[in-house]
Amino acid sequence: MRQPDEQLRAGHIPADVYRQLPPGTDMRQVVIVQEAPRSYTGPIVLTLVITVGSVVVLLVIAYVSQIIAASIVSVLSASCGIGYTISRTSKRRRSSRALGK
């Protein structure tokens, strides 16, 4: 027997438990109940659910705000003639030195 719980499974009653039993107790009818080891599955799953849920909420907020911005731009361009364009300037401008001038 290497572990204390093996002693309990084998029917051994530790001395501190034996002293707590009232006198005249039949030792063959004594049952020792052990507390189950703590399971970390619940807290880990809860943490993963909270993390995934918050990421999903942030993605939904980003998607909805993009739709709202696009609808505001389309309404303004249709009613007031205001447009919104994204212009991209070219980074490859030729300098006068490169052309030999």
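To convert a position in the sequence shown, counted from 1, into our numbering, add 214.
Note that the Cβ used here is the ideal one computed from N, Cα and C, for glycine as well.
Since we're looking at a predicted model, the values are computed, not measured.
Secondary structure note for residue 256: its alpha helix (DSSP H) is the uninterrupted segment 255–293. Rounded to the nearest angstrom, the gap between the Cα atoms of residue 289 and residue 257 is 48 Å.
In the structure shown, residue 231 falls within a helical segment according to DSSP collapsed to helix, strand and coil. A distance below 8 Å separates the beta carbons of residue 231 and residue 246.
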